[in-house]
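Accompanying notes for the structure given below.
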Amino acid sequence: MHNASVKPKTQVIKGVTYVYQEFSYRVKGAKHPKHKRRYLGKHIDGQFIPNASYWLLPEDEKAQLGLTPPVPAASPGTHAALAVRLFYGATYLFDELSAHLGVTADLQVCFPGIWEQMLSVAWFLILEERTPLSRFPRWGKTHRHPYGKDITSPRSSELFGMISEDAMQQFFSLQIKRRLEREYLAYDSTSICTFSKALKLARRGKNKEHDLLDQIHLALVFGQESRLPVCFRILPGNISDVSTVRNLVRSLVSLGIEKVHLVMDRSYYSEQNINVLLQQRYKFLIGGKTSLNYVKDAVNEVRHCIGDFSHYHPQLDVYAATKLLKWQISQVNGEPEFRRVYLHLYYSEQRSTEDRRALHQKVYKLKTELETGCRDASHANLYAHYFIIKAYPKRAIAVTLRKGVLEKEAQYFGYFALMTNDVKNAAEALRIYRAKDVAEKAFGNLKERLGLRRPGVSSDANLPGKIFVQYIALILCSYIQNIMRKQELYQQYSYYSLLDELDVIEYYEHAGTQGYFGEITKKQQDMYRAFDVSMPK
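Shown next, in the form of structure tokens:
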């Protein structure tokens, strides 16, 4: 049994004073006890800076240690020791919206002692587009923010390392209980490239940007009605999309989401995934693949009539038809078990033309490569598939297109499919499916606005914490964009021009007096009203 000394000890390593507890324990067969240390934090500038191990201790054990963590910064309304003049218009908006969404309260529960620092970093990420976190001290000196103190680059790394997986999952659960009722969840993932060789999850894999770097995958679940993120998962960079669905379902159930309604693109389609979703009786809407035989058979059945006027949906500009399928999912006592699913088929003349043009351009490029002698070794199978190639001793090769090969591929151009066990109407299913772009826009926000294109971490311990703080920023960023869309603010402002307009509002504090805001223009007041935020006093 471990015996921890009540009084913590200190040790200086490379000029830094570390605080730790020492444990002794017996090993069978050994004459003397073994010793193990549990580090609790550091002494920096005479102040105890706790780490994650300290915050996870029971309250009574913390009290016995006699260590004093830093006191949170004063909130607006308290008295200042010195006269200060800070920008507080935009961060005031963030504070109010964070309280409205329950983000602040849930962070206080899940991350006691560090939630102010997390919010301050998140506010910095929102306002300082693509600015490295090492610039936080400069920004912090001119802005009022929840922590109210400097966060240097080493301190931010320590902060990310203190954010535990258990606390993140608890935060997801609390947020889900606040706002997630019955809505479809868009599920998608993106690749994040990294130069670091120390990240265990970084692997060489395929990505849309064709970067020749190791990468990790970030899977994100987004509410289509609330248009706010629900949770995320970090995956190895060589994991395929289709293999992640089973664990996604488990994660959602563990977070308390009993009625799952998932929307996924066709990269997540597999027979096994459909079986998992049907067996668990989860509702889903997923993109189908026209290369599948049963989809081809269904297209052939409706090909003669899908182009009729009765199948046309002018608002979506597509022709649609639906086929009811009986999907066999398992064997029960030797008898097949079937579930009902709807296969919605769509045809677009414009899409057909684009598919045909893309095919012709590809084949023309391949033919040019053969005739000019500039062959690409990776195209060898394509050359054989599309062409008959004859070589002559004294002349150039003859390249002839195989008969019927293009017509065979083109017969399914313009068609696409959706599979669902929930939405009977084909037009409604397509509307829901097209709304899943909220996840894609969120990835754009994370990468371009919140600094996730190249995660500046070199430690597995810090990576989840940094992404989580960026995720907190994403909640506010998404909510602001939603309100701007609903209130038609985009007709007057861009996302950043609106924040810049609010950011110049000043806040003053003088010794012995209560703080107050500077002048607020009518335009700025209208902005706060659009977000249903009380006017600063």
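Residue numbers (this note's numbering): 7 to 543.
By construction, the Cβ of each residue, glycine as well, lies at the ideal position given by its N, Cα and C atoms.
Values in this document were obtained by computation on a predicted structure and should not be read as measured data.
Per DSSP, M270 forms a beta bridge with which residues? I292, per the DSSP bridge assignment.
Would the beta-carbon of L298 fall within 8 angstroms of that of W333? No, these two residues do not count as a Cβ contact at 8 angstroms.
Just curious, the alpha helix (DSSP H) that I473 is in, first and last residue? Run containing I473: 469–492, per the alpha helix (DSSP H) assignment.
First and last residue of the uninterrupted alpha helix (DSSP H) at Y439: DSSP places Y439 inside the alpha helix (DSSP H), whose first and last residues are 432–440.
Coil, strand or helix - P160 by DSSP: Residue state, collapsed to three classes: helix.
Which residues in the same chain have their Cβ closer than 7 angstroms to the Cβ of D172, if we skip the five residues on either side of it in sequence? Nothing listed; no residue qualifies.
So what does H149 bridge to, in DSSP terms? F93.
Within this structure, are the beta carbons of G95 and I473 separated by less than 8 angstroms? Contact check for G95 against I473 fails: the beta carbons are separated by 8 angstroms or more.
Taking the Cβ atom as the reference point for each residue, do G471 and I169 lie within a distance shorter than 8 angstroms? Cβ distance < 8 angstroms, so G471 and I169 count as in contact.
By the 10 Å Cβ neighbour count, where 16 or more other Cβ atoms means buried, how is G313 classified, buried or exposed? Answer is exposed; the Cβ neighbour count stays below 16.
Would you decide whether N306 is buried or exposed? Buried here means 16 or more other CB atoms lie within 10 Å of its CB. So N306 counts as exposed.
So who's on the other strand from V227, going by DSSP bridges? Y193, C237.
Comparing alpha-carbon positions, which option in T296, A364, L349 lies nearest Q356? When only C-alpha atoms are compared, the closest one is A364.
With DSSP collapsed to three states, give me the class of Q320. In the sequence on display, residue 320 carries Pro and not Gln. If DSSP states are grouped into helix, strand and coil, P320 belongs with coil.
According to the Cβ coordinates, are L165 and Q221 closer than 8 angstroms? In this structure, Q221 does not lie closer than 8 angstroms to L165 by Cβ.
Between H38, C116, S59, H319, which has its C-alpha nearest K48's C-alpha? When only C-alpha atoms are compared, the closest one is S59.
Spatially closest choice to D271 from N281, A404, V259, I292, by CA coordinates: Among N281, A404, V259, I292, the Cα nearest to that of D271 is on I292.
Please tell me whether K492 and Q230 are closer than 8 angstroms, where the distance is taken between their beta carbons. No; because the gap between Cβ atoms is not below 8 angstroms, this pair is not in contact.
My guess is that P542 and Y31 are in contact by the Cβ rule of under 8 angstroms, so how many angstroms apart are they, rounded? Contact doesn't hold; Cβ gap of about 56 angstroms is too wide.
Which residue wins for smallest C-alpha separation from S540, given the options D361, L412, L103? Restricting attention to D361, L412, L103, the CA atom closest to the CA of S540 is found in L103.
Among A327, N468, Y325, R346, the one whose alpha carbon lies nearest that of I335: I335 has its Cα closest to that of R346, out of A327, N468, Y325, R346.
Between the stretch 497–512 and the stretch 112–131, do at least 3 Cβ pairs fall closer than 8 angstroms? In the pairwise beta carbon analysis, the stretch 497–512 is classified as not touching the stretch 112–131: fewer than three pairs are separated by under 8 angstroms.
Looking at C-alpha atoms only, which residue of K528, G294, A304, T137 is the closest neighbour of L508? Of the candidates K528, G294, A304, T137, the one whose C-alpha sits nearest the C-alpha of L508 is K528.
Tell me the residue span of the alpha helix (DSSP H) that contains I280. For I280, the enclosing alpha helix (DSSP H) begins and ends at 277–285.
The alpha helix (DSSP H) spanning R184 covers which residue range? Looking at the DSSP string, the run of the alpha helix (DSSP H) that includes R184 is 171–185.
How many whole angstroms separate the CB atoms of H350 and A326, which I take to be in contact at a CB cut-off of 8 angstroms? Cβ atoms of H350 and A326 come within 8 angstroms of each other, at about 6 angstroms.
Should G262 and K183 be called a contact, given that it needs their Cβ atoms to be closer than 8 angstroms? Closer than 8 angstroms, so yes.
Short of 6 angstroms in beta carbon distance, which residues of its chain neighbour Y153, apart from the five on each side in sequence? Order them along the chain. A79, E122, Q123, S126, listed in sequence order.
Option in E134, K371, L180, L424 with minimal Cα separation from C116: Considering only alpha carbons, the answer is L180.
If the criterion is Cβ atoms closer than 8 angstroms, does the pair R233 and S484 meet it? Against a cut-off of 8 angstroms, the Cβ pair of S484 and R233 comes out as a contact.
Using DSSP's beta-bridge definition, name the partner residues of T137. Beta-bridge pairing links T137 to no other residue.
Cα-Cα separation, D156 to F29: Their backbone Cα atoms lie some 35 angstroms apart in a straight line.
Under 8 angstroms between the Cβ atoms of A432 and T328? Going by C-beta atoms, A432 is nearer than 8 angstroms to T328.
Under 8 angstroms between C-beta atoms of Y190 and H267: Yes. Within cutoff.
Rounded straight-line distance, which links the Cα of N468 to that of L224: Near 15 angstroms, if we compare the C-alpha coordinates of N468 and L224.
Pull up the DSSP beta-bridge partners for L1, would you. Outside the modelled stretch of the chain, which goes from 7 to 543, sits residue 1, for which no answer is possible.
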